[in-house]
Amino acid sequence: MNDNNNNENIVLPNGSDLVLSVSPHVSNRDNTRGIMLKVVLALVPAMIAGVWFFGLDALRVILLTAAFTVLAEALWCAMLKKPVKANVFDGSALVTGVLLACNLPSAAPWWVCLIGAFIAIWLGKQIFGGLGRNPFNPALVARVALLIALPAIMTTWPTPHNDAETSATPLGIVGTTTKITGHSQAARQNFQTVDNSSSLKEYFIGNRGGCLGETSAIALLIGGLALIAMKLIKWQVPVCFIGTVAVITGATHLLAPGVTPGPLFHVMTGGLLLGAFFMATDMVTSPISTRGCVFFAIGCGVITSVIRIWGNYPEGVSFSILLMNALVPLIDRWCLARPFGYTVKREKA
């Protein structure tokens, strides 16, 4: 074919040289195992921080939950005569175990790790058909089940660098503090003991009570940014989740400072960063479309804020993600993109 403008010959390929295939036409070298190992790698800073602040007990919990989730996966596959090796070595059970450990106190007994692992794998994942079919995040299913069944154990928080002592978490202190309406001096100082510049620095580093993997904001930010850089998660989910919590708590604090602390306190305490970066972004249990992810994350932020400010539980991240997981099919249906050239046929009256 001759191009009159450039006077160049363009040779078109022969039909036999073309590959005819169905969609999707975009592929990459990542497989399930590779993705899961990258997620574990992104969690390493949070795990190191947990071991640093809570000692070898934190390492014990991490190793036990990881081993027990892999064991639960292998037993389920063996009982149902599924390929054991393929399912165990895809890395999904390992990720579930590490995430579950990050949601447990470092003082959790071994049998709590065992029960949580089997709840996560059997009730949170395999009962629905295995990886890719579970509607809820397995680690959060186990965390909430343990919290409801064993509240005393799940809310006993060792003091950093001193496992012999326990202390309340910052959110726990806020939850037991009497709310003061208005703008009086007492209202403005109601949360001064936990919401001040010195305390915020400690929260950022991780020197506070809480689940072993959620205390260090800087470690979670490093891991979360790594996930975004590796393009394993959509940045809209953590940004909209964290942003919604910051806006709602900030507005509430501005209007009624004695009802809830400021937005920085809420962002750096509890499991918000862990949930926003590592659990709300789960590929299986989050929406497919970008617009759907935005609505999903905003919903998580609204529910988290409502529970934290007005609910009976001091923390609402786990509940909010599970509730929004249940709405993912509706969100996907609502935000489904219209195929190119698609038109709706209207019936004649």
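The end of the sequence shown is residue 361 by our numbering, with every number in the run present.
Beta carbons: idealized from backbone N, C-alpha and C, even for Gly.
Which class does residue i belong to by DSSP, given the choice of helix, strand or coil?
i           : result
residue 214 : helix
residue 99  : helix
residue 13  : For residue 13, the pLDDT reaches just 47, beneath the cut-off of 50, and the residue's location in the model is therefore unreliable, leaving the point undetermined.
residue 265 : helix
residue 223 : coil
residue 341 : helix
residue 50  : helix
residue 11  : Outside the displayed range of the chain (13 to 361) lies residue 11, so it cannot be described from this structure.
residue 349 : coil
residue 201 : coil
residue 293 : coil
residue 332 : helix
residue 206 : coil
residue 62  : helix
residue 272 : coil
residue 23  : coil
residue 317 : helix
residue 311 : helix
residue 128 : helix
residue 287 : helix
residue 194 : coil
Is it right to say residue i is buried, meaning 16 or more other beta carbons lie within 10 angstroms of its own, or is it exposed?
i           : result
residue 246 : buried
residue 121 : exposed
residue 119 : buried
residue 144 : exposed
residue 226 : buried
residue 85  : buried
residue 92  : exposed
residue 210 : exposed
residue 42  : exposed
residue 15  : Any reading at residue 15 must be qualified, since the residue scores a pLDDT of 49, below 50, and its modelled position is unreliable; no value is offered.
residue 123 : exposed
residue 201 : exposed
residue 68  : exposed
residue 13  : Unreliable placement is indicated for residue 13, whose pLDDT of 47 sits below 50; the coordinate value is still reported in the next sentence. Result: exposed.
residue 248 : buried
residue 26  : exposed
residue 320 : buried
By the DSSP assignment, the alpha helix (DSSP H) with residue i in it spans what residues?
i           : result
residue 77  : 68-91
residue 300 : Unbroken run through residue 300: none, as it is neither H nor E.
residue 326 : Where residue 326 is concerned, there is no enclosing alpha helix (DSSP H), given that its DSSP letter is neither H nor E.
residue 278 : 275-280
residue 108 : 104-114
residue 119 : Looking at the DSSP string, residue 119 is not in any alpha helix (DSSP H), and its letter there is neither H nor E.
(request) For the region 134-192, list the alpha helix (DSSP H) runs that are entirely contained and at least 4 residues long, ordered along the chain. (result) 150-161, 163-166, 182-188
(request) Count the CB pairs spanning the region 296-315 and the region 326-341 that are closer than 8 Å, and state whether there are at least three. (result) Touching, yes, given that three or more Cβ pairs across the two stretches are closer than 8 Å.
(message) Count Cβ pairs between the region 157-173 and the region 210-230 that sit closer than 8 Å; are there 3 or more?
(response) yes
(message) For the pair the region 269-276 and the region 186-199, tell me if three or more CB-CB distances fall below 8 Å.
(response) In short, these stretches touch, since the Cβ pair count reaches three.
(message) Does the structure place the region 104-111 close enough to the region 73-88 that three or more beta carbon pairs sit under 8 Å?
(response) yes
(request) Kindly confirm or deny that the region 241-259 and the region 276-291 touch, where touching means at least three C-beta pairs closer than 8 Å. (result) yes
(message) Could you check whether the region 288-303 touches the region 234-244, counting it as contact only if at least three pairs of C-beta atoms, one from each stretch, sit closer than 8 Å?
(response) Because the criterion of three Cβ pairs below 8 Å is met, the region 288-303 and the region 234-244 touch.
(message) Using 8 Å as the cut-off, can you tell me whether the region 295-304 makes contact with the region 145-152, which would need three or more C-beta pairs spanning the two stretches below that distance?
(response) yes
(message) Any contact between the region 150-167 and the region 301-308? By contact I mean 3 or more CB pairs, one from each, below 8 Å.
(response) no
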